[in-house]
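Chains W and D, in that order, are what the protein sequence lines are.
Residue numbers for the first sequence follow our numbering, so the first one is 222 and each next one is one higher.
Residue numbers for the second sequence follow our numbering, so the first one is 222 and each next one is one higher.
Even for Gly, the Cβ is constructed at its ideal location relative to N, Cα and C.
Values in this document were obtained by computation on a predicted structure and should not be read as measured data.
2 protein chains.
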Amino acid sequence: MMNEITPTRTTYDELAKQAGVSKATVSRVMNGDTKVHPERMAAVLAAVEASGYKLNRAARALSTGRTGLIAVVIDDDVSALADPFWGIVTSGISQVLMQNELQTLLLVAPLDSLDGPVAHYLERGEVDGAIFVQVHKDNLVRKLHKQGLPVVVMGTPMSKASSIPFADTDNIAGGSQATNHLFSRGCRRVATITGDVEASAGQNRLQGYKNAVTENGLEVDKGLIGFADWTFESAKTVMLRLLARHPDIDGVFAANDLMAIGAIAAIEERGKRVPDDIAVVGFDDSLMAQTHRPSITTVRQDIVGLGVAVAETMLAVIRGEKPDPKMLPTELVIRESA
Amino acid sequence: MMNEITPTRTTYDELAKQAGVSKATVSRVMNGDTKVHPERMAAVLAAVEASGYKLNRAARALSTGRTGLIAVVIDDDVSALADPFWGIVTSGISQVLMQNELQTLLLVAPLDSLDGPVAHYLERGEVDGAIFVQVHKDNLVRKLHKQGLPVVVMGTPMSKASSIPFADTDNIAGGSQATNHLFSRGCRRVATITGDVEASAGQNRLQGYKNAVTENGLEVDKGLIGFADWTFESAKTVMLRLLARHPDIDGVFAANDLMAIGAIAAIEERGKRVPDDIAVVGFDDSLMAQTHRPSITTVRQDIVGLGVAVAETMLAVIRGEKPDPKMLPTELVIRESA
DNA sequence: TTGAAAGCGATACCAA
DNA sequence: TTGGTATCGCTTTCAA
Numbered sequence: 222m223m224n225e226i227t228p229t230r231t232t233y234d235e236l237a238k239q240a241g242v243s244k245a246t247v248s249r250v251m252n253g254d255t256k257v258h259p260e261r262m263a264a265v266l267a268a269v270e271a272s273g274y275k276l277n278r279a280a281r282a283l284s285t286g287r288t289g290l291i292a293v294v295i296d297d298d299v300s301a302l303a304d305p306f307w308g309i310v311t312s313g314i315s316q317v318l319m320q321n322e323l324q325t326l327l328l329v330a331p332l333d334s335l336d337g338p339v340a341h342y343l344e345r346g347e348v349d350g351a352i353f354v355q356v357h358k359d360n361l362v363r364k365l366h367k368q369g370l371p372v373v374v375m376g377t378p379m380s381k382a383s384s385i386p387f388a389d390t391d392n393i394a395g396g397s398q399a400t401n402h403l404f405s406r407g408c409r410r411v412a413t414i415t416g417d418v419e420a421s422a423g424q425n426r427l428q429g430y431k432n433a434v435t436e437n438g439l440e441v442d443k444g445l446i447g448f449a450d451w452t453f454e455s456a457k458t459v460m461l462r463l464l465a466r467h468p469d470i471d472g473v474f475a476a477n478d479l480m481a482i483g484a485i486a487a488i489e490e491r492g493k494r495v496p497d498d499i500a501v502v503g504f505d506d507s508l509m510a511q512t513h514r515p516s517i518t519t520v521r522q523d524i525v526g527l528g529v530a531v532a533e534t535m536l537a538v539i540r541g542e543k544p545d546p547k548m549l550p551t552e553l554v555i556r557e558s559a
Numbered sequence: 222m223m224n225e226i227t228p229t230r231t232t233y234d235e236l237a238k239q240a241g242v243s244k245a246t247v248s249r250v251m252n253g254d255t256k257v258h259p260e261r262m263a264a265v266l267a268a269v270e271a272s273g274y275k276l277n278r279a280a281r282a283l284s285t286g287r288t289g290l291i292a293v294v295i296d297d298d299v300s301a302l303a304d305p306f307w308g309i310v311t312s313g314i315s316q317v318l319m320q321n322e323l324q325t326l327l328l329v330a331p332l333d334s335l336d337g338p339v340a341h342y343l344e345r346g347e348v349d350g351a352i353f354v355q356v357h358k359d360n361l362v363r364k365l366h367k368q369g370l371p372v373v374v375m376g377t378p379m380s381k382a383s384s385i386p387f388a389d390t391d392n393i394a395g396g397s398q399a400t401n402h403l404f405s406r407g408c409r410r411v412a413t414i415t416g417d418v419e420a421s422a423g424q425n426r427l428q429g430y431k432n433a434v435t436e437n438g439l440e441v442d443k444g445l446i447g448f449a450d451w452t453f454e455s456a457k458t459v460m461l462r463l464l465a466r467h468p469d470i471d472g473v474f475a476a477n478d479l480m481a482i483g484a485i486a487a488i489e490e491r492g493k494r495v496p497d498d499i500a501v502v503g504f505d506d507s508l509m510a511q512t513h514r515p516s517i518t519t520v521r522q523d524i525v526g527l528g529v530a531v532a533e534t535m536l537a538v539i540r541g542e543k544p545d546p547k548m549l550p551t552e553l554v555i556r557e558s559a
């Protein structure tokens, strides 16, 4: 019926005995209560030291209702983590949480229903907060938020008015940077290949493209927008179609690096050259952007920083604050493809 | 002092009242005890349904000493997760655990010391088990194992005799496959670029290379072994050095795809062609292997499967079994580079 | 500032 | 098979 790891676990009772104080005082010391007599405090600390005491978190959780756990929820199936983005973000989050004595509980599952297993788990109060990265439909997020669970979203909520705290890369600005770079190197017919526009990142990068087009005194031509889904294959297919319909395209902004590479594959398959005939810009500055030939001009985002920002937002929410959204800047990295 | 998510949480007491039975019976029903009268059982279940009851895991944890949490420990700093491998493995693990009502606690930190924060955390009994992926020094693992914490290692323990359960890709066989492929396509001077040989994967892939060399009736030439560390840059540097000393190299087995790409960069920089002058084989079958030009001939490993195997091994250990090590087969994927 | 004692919500023993 | 009850280890009133 008890924990088997240590044959006999030290408890407050024993510490109290050893230090000659009460359990209550031990608790006070353990929780940094300053109103404890220094000598008694020292005695308790000595007892802790001597016994190698380890706090039992389950007991504390039962008593306080707080678990010390923050869920990181990835709304997707297993394949999601194939994109290193999630791993990097998650470790950024984990790092910050750990420094604040919180642990990262990883939940990878499609959030389809309002009462799937993940939803139930989160509603049970088994975590002190939930960070959602990659949200498709945010009804679960809203529900939990309404129920009072501290919730933070990575990405920009689609429903503007929502009061749910979030942090995000400034994808709109990033999309503009990429597109403007193409214009400034002389492109006139600039197409874009979007990511999943159901996700805020996909939508906003597209918005950035549109903004840049109009800023350059042109009209947004819907024919130049190819909708894809972040994958190499989808981008290649879409690019082939764009080329067939608009042979005069001379620049492409792909919403991530993998799709930029897919676009390049299509372009070269049609016998054109990158960047001479068509310049291509990606997004992410992934490893692939560096190793591909031609290397990819791309928009770098600070992924670890994003994780950190999201985690810090969570900490603020837990402290009861109402943190402002954080937007992280992007940076254009010029290489060979544009 | 209480959980704030639901204003008033339903407890066994209330369920008992509603169902007209005792707390003890409620507990029995909740834990699937079959020796409960069907009618009472139905009554309890009805009460659960009606009240939207949610089990309080902290209370159970305090009472049973089990937390329902399994730690996945990645012995590295934040950058580790930049390699999608870890993310994929982790989600494979997470998937299996979730199906067994266990949650994944992610711990990303250098395991340098025997009493760093991670070590303390694990020793506290805050998890029911720990899965170590990527272990550099296994003294912490051994210590925890000795203390009775269920422990599983992903990878092959360096110290053979250890009784710690593990699962791994058969890296030795994979290394041989890659190397044999080079020989069978006519290469005579086959070099290798290793990963971190402090890690079992790096060591074993090298071993596979050596085995293949001798199987082909040749002597292992130490001059043909370039030690690198999984990165593009390290591989490129090492490859340049190998080429300078051994201009007759006509085949290279790189211990991962990224290094294969680094090697190709070096080879092409020296004005040679892949695969015509020098054939290159990688390992992992990552996205990059598919998108790179030339596309990379590589050894595919089942990464999700590895996560699943590791998680299932953990489940067995928790059940008190002594599971045999699992070795997952690899598969050669032939593309353009060799 | 300190201590005694009553919870927190489940489990599991012991009787019946 | 069932119920009563002690118990897990910590927190937090309430009095002193």
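{"Query": "Between the CA atoms of Q428 of chain W and A282 of chain W - distance to the nearest angstrom", "Result": "45 Å"}
{"Query": "For D389 of chain W, the residue or residues it bridges with in DSSP", "Result": "W:M548"}
{"Query": "Nearest residue (CA-CA) to A476 of chain W, options W:I393, W:I499 and W:A487", "Result": "W:I393"}
{"Query": "Assumed close pair P468 of chain W, S558 of chain W - CB separation to whole angstroms, cut-off 8 Å", "Result": "No, P468 of chain W and S558 of chain W are not in contact; Cβ-Cβ is about 20 Å, not under 8 Å."}
{"Query": "Opening and closing residue of the alpha helix (DSSP H) in which G286 of chain D lies", "Result": "Segment: none, G286 of chain D is in no alpha helix (DSSP H) and carries neither H nor E."}
{"Query": "Cβ shell of A412 of chain D (< 6 Å), same chain only, five flanking positions each side left out", "Result": "L445, L463, I470 and V473"}
{"Query": "Test: S384 of chain D CB closer than 9 Å to a CB of chain W", "Result": "no"}
{"Query": "Ranges of the alpha helix (DSSP H) found wholly within the segment 286-353 of chain D, counting only runs of at least 4", "Result": "305-320 and 338-344"}
{"Query": "Residues of the segment 315-330 of chain W whose Cβ lies closer than 8 Å to any Cβ of chain D, in chain order", "Result": "S315, Q316, M319, Q324, T325, L326, L327, L328, V329 and A330"}
{"Query": "Under 9 Å between C-beta atoms of D478 of chain W and S507 of chain W", "Result": "yes"}
{"Query": "Below-9 Å beta-carbon distance, K244 of chain W vs any chain D residue", "Result": "no"}
{"Query": "Minimum C-alpha distance to T400 of chain W - residue among W:K367, W:K244 and W:V441", "Result": "W:V441"}
{"Query": "As assigned by DSSP and simplified to three states, the class of A465 of chain W", "Result": "helix"}
{"Query": "Stretch pair the segment 300-314 of chain W + the segment 339-355 of chain W: three plus CB contacts closer than 8 Å", "Result": "yes"}
{"Query": "Neighbouring residues, chain D, relative to W451 of chain W (Cβ below 9 Å)", "Result": "Per Cβ cutoff of 9 Å: no residues; W451 of chain W is ~11 Å from chain D at best."}
{"Query": "Helix, strand or coil at D506 of chain W [DSSP, three-state]", "Result": "coil"}
{"Query": "Under the three-state DSSP convention, the category G541 of chain W falls into", "Result": "coil"}
{"Query": "Partners in chain D for K275 of chain W, counting only beta-carbon separations shorter than 8 Å", "Result": "H341, E344, R345 and G346"}
{"Query": "Beta-carbon gap between L343 of chain D and L328 of chain D smaller than 9 Å", "Result": "yes"}
{"Query": "Endpoints, beta strand (DSSP E) assigned at M375 of chain D", "Result": "V372 to M375"}
{"Query": "Contacting residues, own chain, Cβ-Cβ under 8 Å from K256 of chain W (five flanking each side not counted)", "Result": "R249"}
{"Query": "Cα-Cα separation between T458 of chain D and T512 of chain D, rounded to whole angstroms", "Result": "23 Å"}
{"Query": "Inter-stretch contact at 8 Å, needing at least 3 Cβ pairs: the segment 379-391 of chain D / the segment 534-553 of chain D", "Result": "yes"}
{"Query": "Contacts that T512 of chain W makes with chain D (C-beta to C-beta distance below 8 Å)", "Result": "F453, L479, I482, G483, A486, M509 and H513"}
{"Query": "For R556 of chain D and T518 of chain D, believed in contact at Cβ under 8 Å, the rounded distance", "Result": "5 Å"}
{"Query": "R363 of chain W - containing beta strand (DSSP E), residue span", "Result": "Here R363 of chain W belongs to no beta strand (DSSP E); instead the alpha helix (DSSP H) covers N360 to K367."}
{"Query": "Extent of the continuous alpha helix (DSSP H) to which Q428 of chain D belongs", "Result": "S421 to E436"}
{"Query": "Where the alpha helix (DSSP H) through G483 of chain D begins and ends", "Result": "D478 to E490"}
{"Query": "Residues of the segment 276-290 of chain W whose Cβ lies closer than 9 Å to any Cβ of chain D, in chain order", "Result": "L276, N277, R278, A279, A280, R281, A282, L283, S284, T285, G286, R287, T288, G289 and L290"}
{"Query": "Contact under 9 Å by Cβ, G289 of chain D with G346 of chain D", "Result": "no"}
{"Query": "Any chain D beta carbon closer than 9 Å to L302 of chain W", "Result": "yes"}
{"Query": "Three-state secondary structure (DSSP) of Q355 of chain W", "Result": "coil"}
{"Query": "Unbroken beta strand (DSSP E) run spanning T519 of chain W, endpoints", "Result": "T518 to Q522"}
{"Query": "Proximity of N432 of chain W and F404 of chain W at Cβ, strictly below 9 Å", "Result": "no"}
{"Query": "Contact list for I309 of chain D against chain W, beta-carbon separation under 7 Å", "Result": "L302 and A303"}
{"Query": "Identity of the residues DSSP links to A412 of chain D by a beta bridge", "Result": "D:V473"}
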